[in-house]
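**Student:** The sequence shown begins at 5 in our numbering and counts up by one.
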Amino acid sequence: MKILSIATFALYAASSVSAFTPANIKTSTPSTTTQLYKTKAPVFDEVCDTTGVTLKRFMSEVAMLNPEISELTTLFGGIETACKALTNLVKRSQLPSSETLGYQGEVNVQGEDQKKLDVISNDVLKRALRFTGKLGVLASEEEDTPVDIMPENAKKSEIVIDEGERYVAVFDPLDGSSNVDAGIPTGTIIGIYEHDENCVVDENCIGDECTEQEAQCLANTLQPGTNLVAAAYCLYSSSTFLVLTLGSGTYGFTLDENIGEFVLSHPKIQIPETSKIMSFNEANTHLWDAPLQEVVTGWKTGTGKSGETFSSRYIGSMVGDVHRTLLYGGVFGYPADTKNTSGKLRLLYEGAPMSFIMEQAGGLSTTGTARVMEIQPEIVHQRVPIVMGSKNDVQEVIDAYAAV
Ligand code: AHG
Ligand code: MN
Ligand code: MN
């Protein structure tokens, strides 16, 4: 296990990523295709579509049919354990005796107050994934710094690596954590990329002592969503749900606490193509781009493309809002506005993994002018405007932007 200061990381990150961008993928123009991925889609059989099978059985079946991704099984074992541990932490966090209650007294790299739960969740995930022995690089919302970090703060932040392994993980350990005291759903978002196995990082390389090549290896986290090999989220709510994609459909599991196992409850999730639900922070409406304002006004008044009058549902926890959108249909978004010109959500560990899951369920995910999955991240905490959900309704937004 080694640590690289973010200053070194940031220096080389942007220059190293082009090697991971597939030549045939456009990154700047809008695209509605959902089939364009770098990685090969695995094959599944009927076991993988049988409700009631455990996540473990599901993953071992996938590994048997697709030996090239069999190592993902171990990684998902770690994810599963972390989600179970976080279920209990979130559930117990409101007890007066809980050590996870309240604020940590620190701010994370983005200037947000860190709750004790944020920090503990980050730790739980890091340990669960690190000890699978399959992980090369790991970056998290609570873990490292943006590119323009003041050098004196750089020491505080670090990227944890375990060299020579197959995968790179990015995650938001506890999405919506500010809601947890009010009993509102929270979640964990995870994206898995392939690590460049040719990367060799010296055991003793710490911070700025790392060579340019070593730093470039650590920049493996900065890959576009089209390079994702897997994405998952866990939702801590009425039940704990674990929803995943391995690039061949979106599958939902529910935690059966009696047996301590995730069981397949939602095989091959398909989001309805059209909907009547929208999910935005509508207090920002007047700050949005004009095309989006127009489309949303059409939805409210029933004068949009579908002629339906929409209802509004917004939790303020991305995982909860996206989960409902997947199951009931709808459009979830955190668009750009005049205050937040790149929106609020982070591309690497919120936007890209959730877009992968959404596309694999038959939905779309756009910034308005570009497919979120095709955007090449330049820094770890890069933000991205997002509108995702039911195909026809998101297409209406894409068309409105294109018409301007
Ligand atoms: P996080 O708790 O990881 O910082 O993320 C919170 C995010 C996301 O879950 C949600 O969609 C959005 O913030 C809500 O933002 P607003 O309060 O501005 O609506
Ligand atoms: Mn989040
Ligand atoms: Mn978070």
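Just so you know, even glycine gets a beta-carbon here, dropped at the ideal spot from N, CA and C. Please read these numbers as outputs of a predicted model, since none were measured by experiment.
By Cβ distance below 6 Å, which residues in the same chain neighbour T33 in space, the five residues on each side in sequence not counted?
**Tutor:** As a position in the sequence shown, residue 33 is number 29, starting the count at 1. Summary for T33: the model assigns pLDDT 37, below 50, so the residue's position carries little reliability; its value from the coordinates is reported in the next sentence. None.
**Student:** In terms of alpha-carbon separation, which member of N224, G393, Q399, P100 lies closest to R410?
**Tutor:** The requested residue 410 does not occur in the structure, where the chain is confined to residues 5 to 408.
**Student:** Return yes when the C-beta of D185 is under 6 Å from any heavy atom of ligand 3, and no when it is not.
**Tutor:** Here the question's residue 185 lines up with position 181 in the sequence shown. No; taking the cut-off as 6 Å, the Cβ of D185 has no heavy atom of ligand 3 nearer than that.
**Student:** Return the residue from the list L90, A340, S64, K395 that minimises the CA-CA distance to Y237.
**Tutor:** For this step, residue 237 is matched to residue 233 along the sequence shown. Measuring from the Cα of Y237, the nearest candidate turns out to be L90.
**Student:** Sort out for me which residues DSSP pairs I316 with in a bridge.
**Tutor:** Reading the sequence shown from its first residue, position 312 is the one you call residue 316. According to the sequence as given, residue 316 is Ser; it is not Ile. DSSP lists M282 as partners of S316.
**Student:** Whether or not the segment 273-285 and the segment 334-342 are in contact is what I'm after, with contact meaning three or more pairs of Cβ atoms, one per stretch, closer than 8 Å; do they touch?
**Tutor:** Yes, the segment 334-342 is in contact with the segment 273-285.
**Student:** From which residue to which residue does the beta strand (DSSP E) around C52 run?
**Tutor:** Indexing the sequence shown from 1 puts residue 52 at position 48. Unbroken run through C52: none, as it is neither H nor E.
**Student:** Is there at least one non-hydrogen atom of ligand 1 closer than 6 Å to the beta-carbon of N396?
**Tutor:** Looking up residue 396 in the sequence shown gives position 392. Because no heavy atom of ligand 1 lies under 6 Å away, the Cβ of N396 does not count as near it: no.
**Student:** Where in the segment 228-306 do unbroken runs of the beta strand (DSSP E), each at least 3 residues long, occur, reported from the N-terminal end onward?
**Tutor:** Fully enclosed beta strand (DSSP E) runs of 3 or longer: 234-240, 244-249, 254-260, 265-270, 281-283.
**Student:** Leaving out five residues on either side along the sequence, give the residues of the same chain with a beta carbon under 6 Å from the beta carbon of N396.
**Tutor:** Position 392 of the sequence shown, counted from the first residue, corresponds to residue 396. Result list for N396: E277, T278, in chain order.
**Student:** From L3 to Y41, what distance separates their C-alpha atoms?
**Tutor:** Residue 3 is absent from the model: the chain starts at 5 and stops at 408.
**Student:** So, with DSSP's three-state summary, where would you put E110?
**Tutor:** Position 106 of the sequence shown, counted from the start, is the residue given in the question as residue 110. It is a strand residue.
**Student:** Does the beta-carbon of M68 have 16 or more other beta-carbons within 10 angstroms, so that it is buried, or is it exposed?
**Tutor:** Residue 68 sits at position 64 when you count from the first residue of the sequence shown. Counting Cβ neighbours within 10 Å, M68 comes out exposed, since fewer than 16 surround it.
**Student:** Threshold first: 3 residues or longer. Then list the beta strand (DSSP E) segments lying entirely within the segment 67-97, N to C.
**Tutor:** DSSP runs (the beta strand (DSSP E)) wholly in the segment 67-97: none.
**Student:** What residues in its chain sit with their C-beta under 6 Å from that of A45, if we drop five residues either side in the sequence?
**Tutor:** If you number the sequence shown from 1, residue 45 lands on position 41. Answer for A45: G251, S252, listed in chain order.
**Student:** Just to be sure I understand the criterion: a residue counts if its Cβ is closer than 6 Å to at least one heavy atom of ligand 2. Which residues meet that?
**Tutor:** Having a Cβ closer than 6 Å to some heavy atom of ligand 2 are D176, D179, M322, E354.
**Student:** Tell me the rounded alpha-carbon separation between T85 and A132.
**Tutor:** The residue you call residue 85 lines up with position 81 of the sequence shown. The residue you call residue 132 lines up with position 128 of the sequence shown. Answer to the nearest angstrom: the Cα atoms are 7 Å apart.
**Student:** Scan the segment 335-400 and note each continuous alpha helix (DSSP H) run of 4 residues or more that stays entirely inside, going in chain order.
**Tutor:** Taking only runs of at least 4 residues, the alpha helix (DSSP H) segments lying wholly in the segment 335-400 are 356-364.
**Student:** Measure the CB-CB distance between R350 and H385 and report whether it falls below 7 Å.
**Tutor:** Position 346 of the sequence shown holds residue 350. Position 381 of the sequence shown holds residue 385. In contact: R350 and H385 (Cβ atoms closer than 7 Å).
**Student:** Please state if the CB of T313 and the CB of G306 are separated by a distance shorter than 7 Å.
**Tutor:** For this step, residue 306 is matched to residue 302 along the sequence shown. For this step, residue 313 is matched to residue 309 along the sequence shown. Yes. Within cutoff.
**Student:** Could you please give the first and the last residue of the uninterrupted alpha helix (DSSP H) stretch that includes D325?
**Tutor:** Here residue 325 refers to the residue found at position 321 of the sequence shown. Looking at the DSSP string, the run of the alpha helix (DSSP H) that includes D325 is 322-332.
**Student:** Could you give the residue range of the alpha helix (DSSP H) that holds A132?
**Tutor:** In the sequence shown, residue 132 corresponds to position 128, counting from 1. Run containing A132: 120-134, per the alpha helix (DSSP H) assignment.
**Student:** With C-beta atoms as the reference, is D176 less than 7 Å away from Y318?
**Tutor:** Here residue 176 corresponds to residue number 172 of the sequence shown, with the count starting at 1. Here residue 318 corresponds to residue number 314 of the sequence shown, with the count starting at 1. Contact flag unset, no.
**Student:** Alpha carbon to alpha carbon, how far is G4 from V66?
**Tutor:** Here the chain has residues from 5 to 408 only, and residue 4 is not among them.
**Student:** Which of the three DSSP states, helix, strand or coil, is assigned to L59?
**Tutor:** By 1-based counting over the sequence shown, the position of residue 59 is 55. It is helical.
**Student:** With burial defined as no fewer than 16 other Cβ atoms inside 10 Å of the residue's Cβ, what is the status of R375: buried or exposed?
**Tutor:** Residue numbering aside, residue 375 sits at position 371 when the sequence shown is read from its first letter. Its Cβ being crowded by 16 or more others within 10 Å, R375 is buried.
**Student:** With a threshold of 6 Å, establish whether the CB of E145 neighbours any heavy atom of ligand 3.
**Tutor:** In the sequence shown, the residue the question calls residue 145 occupies position 141. Yes; taking the cut-off as 6 Å, the Cβ of E145 has a heavy atom of ligand 3 nearer than that.
**Student:** Flag this pair as yes or no: are the beta carbons of T254 and I383 separated by less than 7 Å?
**Tutor:** The residue given as residue 254 occupies position 250 in the sequence shown. The residue given as residue 383 occupies position 379 in the sequence shown. Result no, Cβ atoms of T254 and I383 do not sit closer than 7 Å.
**Student:** Can we count N285 as close to ligand 1, meaning its CB is less than 6 Å from some heavy atom?
**Tutor:** Stepping through the sequence shown from its first residue, residue 285 is reached at position 281. Checking the Cβ of N285 against ligand 1 gives yes.
**Student:** With distance defined between alpha-carbon atoms, name the residue in A365, G355, N126, L246 nearest to Q380.
**Tutor:** To locate residue 380, count along the sequence shown from 1; it is residue 376. It is G355.
**Student:** Taking 6 Å as the cut-off, is the C-beta of G347 nearer than that to any heavy atom in ligand 1?
**Tutor:** For this step, residue 347 is matched to residue 343 along the sequence shown. No, Cβ of G347 sits at least 6 Å from all heavy atoms of ligand 1.
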